[in-house]
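Residue numbers (our numbering): 2 to 477. Cβ atoms here follow ideal geometry from the backbone N, Cα and C, with glycine treated the same way. The structure appears below as structure tokens.
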């Protein structure tokens, strides 16, 4: 018989599926994702007393029946195998073997069956208690779900109220926007009218201001023209005076520069000659000293070589004498081994002495050679230093010659600039005379054709404003 749990809470019927139970009952131990299934036949067979079990008397007596298999084979057997509930782990119920001789041992078989029936009853009670606990857990879960559903409904009501309020606010804001748009159009029209009026007033003010400025500019023009003409005369006289002074100063400066340049050239030549002579003297002295030291070192080395050769000859003679003595001693005393060893020791001592003397002599020679090398290195350093000083003096002489050339070129440039300035001064004087002649004759051009910055910025065009010139138009 299939039993699906349905609970009625707050007039709602909730059917618990396997997926919802597994999601909400993960913390409960021993729970499965299936519905609760009870089989009544299995429970009735377990609770049946021993004397009601049918016995086939015509059946042959054989081996006892094997107990039913657990797990997945319990549901796939025949009708005699009992199915187990799905909510609890499958507990194997051991079936007692059928007695081979029922008539011989009825009391023992009944006792065994009674004990097994008691065990089955206890197991059913445990299963019933577990089922009750799980049903209580399901009830708590369902209550929790209903509480969450009520919270969700409350939240939905609150959100619906907020949505209605937002819609009302949207309607009111749209109306306010329409009203503001109308006000904006009205203000725009009024502003356009005011701007038109202001433009008309501004145009009228501009025309009046132009007339007043034209009259004021004409009066100021006359005053400035007269003052500028007077200032032009003063500037012309001052410029001529400054030109004369500048000519005098340039001539004096040129003469001073020529004298100083000639004096500097003489001084440089003297210093160069003296430095070259000193360098030559020092170089010759150094070369003489080097030659002397080289000759002395060669003489000392030759003497030492002769001494060493003589010592070598003496030592070689000693070695020959010792060898001859040793040969004679060997011939005279061939049988005495001790004398041979003594001669060997003496010869070794002589050889060691010779070697030590040679080593000492070689050390002395090496020390002397080191001293000579150091002296030679010092002389080379002094020679390099003298050569560097000579090169420095040559570089200084080159610099002095370049400076003299630069001064001569600058002198030529100054002469050219002086000539150019004299030409410019002559041209300006001629232009001033021409302008004065035009000013006296009244043939000067109209000031309208002149640039507006020329009368106020260059004093050379000071005579370009005639006394009888036409007034400047204020509209230009």
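Beta-carbon separation (whole angstroms), residue i vs residue j, contact threshold 8 Å
{"i": "residue 283", "j": "residue 387", "result": "6 Å"}
{"i": "residue 280", "j": "residue 394", "result": "6 Å"}
{"i": "residue 415", "j": "residue 262", "result": "So it is not a contact: roughly 12 Å between Cβ atoms."}
{"i": "residue 348", "j": "residue 327", "result": "6 Å"}
C-alpha distance - residue i paired with residue j, whole-angstrom precision
{"i": "residue 422", "j": "residue 381", "result": "60 Å"}
{"i": "residue 217", "j": "residue 208", "result": "14 Å"}
{"i": "residue 286", "j": "residue 323", "result": "55 Å"}
{"i": "residue 412", "j": "residue 427", "result": "22 Å"}
{"i": "residue 273", "j": "residue 401", "result": "10 Å"}
{"i": "residue 235", "j": "residue 259", "result": "36 Å"}
{"i": "residue 181", "j": "residue 155", "result": "39 Å"}
{"i": "residue 74", "j": "residue 133", "result": "Low local confidence applies: a pLDDT of 35 at residue 74 is under 50, so the model's placement there is unreliable, with the coordinate-based value given in what follows. So the alpha carbons of these two residues sit roughly 28 Å apart."}
{"i": "residue 424", "j": "residue 417", "result": "10 Å"}
{"i": "residue 440", "j": "residue 429", "result": "16 Å"}
{"i": "residue 123", "j": "residue 107", "result": "24 Å"}
{"i": "residue 438", "j": "residue 237", "result": "14 Å"}
{"i": "residue 345", "j": "residue 371", "result": "38 Å"}
{"i": "residue 169", "j": "residue 157", "result": "18 Å"}
{"i": "residue 307", "j": "residue 363", "result": "14 Å"}
{"i": "residue 267", "j": "residue 302", "result": "52 Å"}
{"i": "residue 396", "j": "residue 240", "result": "48 Å"}
{"i": "residue 223", "j": "residue 230", "result": "11 Å"}
{"i": "residue 318", "j": "residue 359", "result": "15 Å"}
{"i": "residue 85", "j": "residue 128", "result": "With a pLDDT of 42 at residue 85, under the threshold of 50, the predicted position of this residue should be treated as unreliable, though the coordinate-derived value follows. The alpha-carbon atoms of residue 85 and residue 128 are separated by roughly 11 Å."}
{"i": "residue 116", "j": "residue 131", "result": "23 Å"}
{"i": "residue 137", "j": "residue 174", "result": "55 Å"}
{"i": "residue 353", "j": "residue 316", "result": "12 Å"}
{"i": "residue 276", "j": "residue 355", "result": "58 Å"}
{"i": "residue 341", "j": "residue 329", "result": "11 Å"}
{"i": "residue 243", "j": "residue 249", "result": "10 Å"}
{"i": "residue 225", "j": "residue 442", "result": "22 Å"}
{"i": "residue 350", "j": "residue 343", "result": "10 Å"}
{"i": "residue 377", "j": "residue 293", "result": "12 Å"}
{"i": "residue 197", "j": "residue 189", "result": "12 Å"}
{"i": "residue 201", "j": "residue 215", "result": "21 Å"}
{"i": "residue 213", "j": "residue 221", "result": "12 Å"}
{"i": "residue 192", "j": "residue 171", "result": "31 Å"}
{"i": "residue 167", "j": "residue 150", "result": "25 Å"}
{"i": "residue 325", "j": "residue 304", "result": "32 Å"}
{"i": "residue 139", "j": "residue 121", "result": "27 Å"}
{"i": "residue 398", "j": "residue 385", "result": "20 Å"}
{"i": "residue 22", "j": "residue 114", "result": "Low per-residue confidence applies at residue 22: pLDDT is 45, beneath 50, and the placement is therefore not dependable enough to give any value."}
{"i": "residue 83", "j": "residue 112", "result": "Low local confidence applies: a pLDDT of 39 at residue 83 is under 50, so the model's placement there is unreliable, and no value is given."}
{"i": "residue 264", "j": "residue 227", "result": "56 Å"}
{"i": "residue 1", "j": "residue 357", "result": "As displayed, the chain neither begins before 2 nor continues past 477, which places residue 1 out of reach and without an answer."}
{"i": "residue 47", "j": "residue 159", "result": "Low local confidence applies: a pLDDT of 44 at residue 47 is under 50, so the model's placement there is unreliable, and no value is given."}
{"i": "residue 278", "j": "residue 361", "result": "49 Å"}
{"i": "residue 269", "j": "residue 288", "result": "28 Å"}
Beta-carbon contacts of residue i that lie in its chain and below 7 Å, excluding the five residues immediately before and after
{"i": "residue 251", "result": "419"}
{"i": "residue 194", "result": "none"}
{"i": "residue 479", "result": "The structure shown does not extend to residue 479, since the chain is modelled only from 2 to 477, so the question has no answer here."}
Contact test: residue i Cβ vs the ligand NAP heavy atom, cutoff 8 Å
{"i": "residue 166", "result": "For the ligand NAP, the structure offers nothing, since it holds no ligand at all."}
Neighbourhood of residue i by C-beta distance below 8 Å, restricted to the same chain and skipping five residues each side
{"i": "residue 379", "result": "none"}
{"i": "residue 184", "result": "none"}
Neighbourhood of residue i by C-beta, 6 Å cutoff - its chain only, sequence neighbours within 5 removed
{"i": "residue 312", "result": "none"}
{"i": "residue 187", "result": "none"}
contact_flag[the stretch 286–299, the stretch 429–444] where n(CB pairs < 8 Å) is 3 or more: no
Under 8 Å, with one C-beta from each stretch per pair, do the stretch 360–374 and the stretch 242–256 reach the 3-pair mark? no
Entirely within the stretch 153–200 and at least 4 residues each: give me those alpha helix (DSSP H) ranges in chain order. none
To test your reading of the DSSP string, which unbroken beta strand (DSSP E) runs of 3 or more residues are found completely within the stretch 359–391? none
As an exercise, report each continuous beta strand (DSSP E) stretch of at least 3 residues that is fully enclosed by the stretch 235–308, in chain order. Listed in chain order, there is nothing to give.
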